[in-house]
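Under this note's numbering, the first residue of the sequence shown carries the number 260, and numbering increases by one thereafter. Every residue, glycine too, gets a C-beta built ideally from N, C-alpha and C. Working notes for the structure below.
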Amino acid sequence: MQVEGIRTIAPQIEEGKPTEKVVGSFAEALQSMLREVERADAYASELKRRLLVGEPVELHEVLLATEKAHLAFQTLLAVRNKLLEAYQELTRMPL
Numbered sequence: 260m261q262v263e264g265i266r267t268i269a270p271q272i273e274e275g276k277p278t279e280k281v282v283g284s285f286a287e288a289l290q291s292m293l294r295e296v297e298r299a300d301a302y303a304s305e306l307k308r309r310l311l312v313g314e315p316v317e318l319h320e321v322l323l324a325t326e327k328a329h330l331a332f333q334t335l336l337a338v339r340n341k342l343l344e345a346y347q348e349l350t351r352m353p354l
C-alpha cells in the first residue's frame, strides 16, 4: 500500500494560504481574520461540491477542511463577542 500526500488530491483548487502576518491597525487585523475565514469556507465548500458531484476527493480531506472552516468561524465569532462586550463596557463608563 502506497500512501500519498494529503495535498495531492486537489492540486487545482486553491487551498487557503497560511495566515497572513498582521502588521498595522486593528482594523487591518480584523479584515485579515475575516479573509481567512472566507478563504477556509470557500475551500471547504468547493471540496464538498466536488465530493457531491462524484469527483475524486477524499472524504477525510473534506471533513478536515469543513472543520477548519468551522473553527475559523467560531474564533471570529468569539472575537466579535469580546469586542461587543468591550464596547458595552465602555458605554457604561461614566465620563
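Could you tell me whether the Cβ atoms of residue i and residue j are closer together than 7 Å?
{"i": "Leu310", "j": "Val321", "result": "yes"}
{"i": "Ala331", "j": "Tyr302", "result": "no"}
Is DSSP giving residue i helix, strand or coil here?
{"i": "Val257", "result": "With the chain running from 260 to 354 in the structure shown, residue 257 is simply not present."}
{"i": "Met352", "result": "coil"}
{"i": "Tyr346", "result": "helix"}
{"i": "Glu326", "result": "helix"}
{"i": "Glu295", "result": "helix"}
{"i": "Ser284", "result": "coil"}
{"i": "Glu305", "result": "helix"}
{"i": "Glu317", "result": "coil"}
{"i": "Asp300", "result": "helix"}
Going by Cα to Cα distance, which pick from the options is closest to residue i?
{"i": "Ala328", "options": "Arg351, Ser304, Ser291 and Leu289", "result": "Ser304"}
{"i": "Phe285", "options": "Glu326, Arg308 and Arg339", "result": "Arg339"}
With a threshold of 7 Å on Cβ separation, who are the neighbours of residue i within its own chain once the five nearest residues in sequence on each side are excluded?
{"i": "Glu314", "result": "none"}
Which residues in the same chain as residue i place their Cβ atom closer than 6 Å to its Cβ, once the five residues preceding and following it in sequence are excluded?
{"i": "Lys341", "result": "none"}
Quick one: any contact between the region 322-337 and the region 290-302, if contact means 3 or more CB pairs under 8 Å?
yes
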